[in-house]
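What follows is a single structure, written as structure tokens, with notes after it.
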Amino acid sequence: MPSKQENTEEKKEAAQKPIEDEDLGVYWDLFSAKTAIDGQDGGVVSALLVKGLREGLFDSAIVVRRVEGYCAEAVVAQTAEEVLAAKGTKYLRVDVTKKLREIISQGKNRIAIVCTPCQAGTTRKIQQTTDCEVTIIGLFCYECFKHDKLKEALQARLGVDLDSVGKTQVRQGKFTAQVEDREVSCKVRDLHGASEVACGFCDDFTSRLADVSVGSVGSKPGYSTVIVRSKFGEQLVHGLEADIAPADKQEIAKISKFKKQRAQNSLLTTRKPDLAQLSE
Ligand SMILES: Cc1cc2nc3c(=O)[nH]c(=O)nc-3n(C[C@H](O)[C@H](O)[C@H](O)COP(=O)(O)OP(=O)(O)OC[C@H]3O[C@@H](n4cnc5c(N)ncnc54)[C@H](O)[C@@H]3O)c2cc1C
Ligand code: SF4
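By the working numbering, the letter at position 265 of the sequence shown is numbered 1432, and the numbering carries on one by one without gaps.
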């Protein structure tokens, strides 16, 4: 039996090591939070950006803002007002890493970026080839949509114009859109033809390469699930003003596994390459 002193040493050592989880990736902390910001879920992403800018952890943040109808683009926010103007999820693929390269080439070197898991990987690669400090806030992501296909699908299914909707939300298999003072919804499954084909091959649900990952799965409505993955992330989250609750790890693990399985199935059902053609 280990002595009391050995036990204490083990506990100390464990506290200095992150958890390595097969489904969630590497992390130090996992919880659910609701801030004073009325964001997509608990407003945690916007609150962290405002906090990071205020504390000087970075001086620019790459966020995604709606520009025309539901179309969105990557923009640079340097004030709390600019961060808040970009709150809310746009379920589209927006090229945030192009914006990152652009502002690095303009001399910016203390940057935060909000991105999907696939873009977190690209951002890490960019970070390795520059001397910039980049803080990655990675969103959970199961899939994203093509604007034109989603517009067609919503018109056909729900009789609404995507470019005139307010907030959109994907939760528990349901796609909901705010249309003036009412909500319309359908099953996400029914919009399948509108999603990006590449997403079917993607196996990262929780942004495993981010400093902090944020999503809604694992939390009750109005709360964000937060996964703190790096010391940088810990510094950013430390002192966040929010109502904190435990997150449901099993729920996150379930969707992560599901996404991995989907990627594997996509690969298995991909047409066998024609080797004769490849060697031509
Ligand atoms: C394409 C996509 C799919 C998602 N799918 C899921 C899912 O299946 N399950 C789940 O739990 N969560 C998913 N999320 C994350 C979830 O919708 C919320 O963004 C997250 O919970 C943060 O909420 P919040 O209230 O803290 O964010 P807020 O404080 O409202 O801030 C949201 C931030 O996200 C940025 N943003 C918005 N759209 C994009 C975009 N397309 N690309 C990059 N940044 C963007 C905004 O600029 C803003 O900074 C998805 C997000 C995206 C972009
Ligand atoms: S599902 Fe994967 S590839 Fe598609 S947007 Fe999300 S992270 Fe990127």
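We treat Cβ as the ideally placed atom computed from N, Cα and C, and that holds for glycine.
In this text, all values refer to a predicted model and were calculated from it rather than measured experimentally.
Asked: Where the alpha helix (DSSP H) through residue 1404 begins and ends; Found: 1398-1404
Asked: 8 Å Cβ cutoff met for residue 1362 and residue 1312; Found: yes
Asked: Closer than 7 Å: residue 1283 CB and nearest ligand 2 heavy atom; Found: yes
Asked: Minimum C-alpha distance to residue 1212 - residue among 1242, 1258 and 1279; Found: 1279
Asked: Residue 1416 beta carbon less than 8 Å from that of residue 1385; Found: yes
Asked: Buried or exposed (CB count within 10 angstroms, at least 16 for buried), residue 1267; Found: buried
Asked: Every unbroken beta strand (DSSP E) within the region 1187-1217, with a cutoff of 3 residues, ordered by chain; Found: 1192-1194 and 1196-1201
Asked: Beta carbon of residue 1305 nearer than 8 Å to that of residue 1215; Found: no
Asked: Own chain residues within Cβ distance below 6 Å of residue 1447, not counting five before or after; Found: Reliability of the predicted coordinates at residue 1447 is poor, the pLDDT of 49 falling under 50, and no value is obtained from them.
Asked: Residue closest to residue 1339, alpha-carbon to alpha-carbon, out of 1300, 1294 and 1419; Found: 1419
Asked: Candidates 1200, 1217, 1231 and 1226, of which the one nearest residue 1248 by Cα; Found: 1217
Asked: One or two residues paired with residue 1381 in a DSSP bridge; Found: 1306 and 1393
Asked: Member of 1357, 1391, 1244 and 1380 whose CA lies at the smallest distance from the CA of residue 1410; Found: 1391
Asked: Residue 1427, DSSP secondary structure in three states; Found: helix
Asked: Contact the region 1330-1338 vs the region 1253-1262: 3+ CB pairs below 8 Å; Found: yes
Asked: Same chain, Cβ closer than 6 Å to residue 1380, neighbours up to 5 away in sequence not counted; Found: 1305, 1373, 1374 and 1394
Asked: Any non-hydrogen atom of ligand 1 closer than 7 Å to residue 1448 Cβ; Found: The question about residue 1448 has no answer here: the residues shown for the chain are numbered 1168 through 1447.
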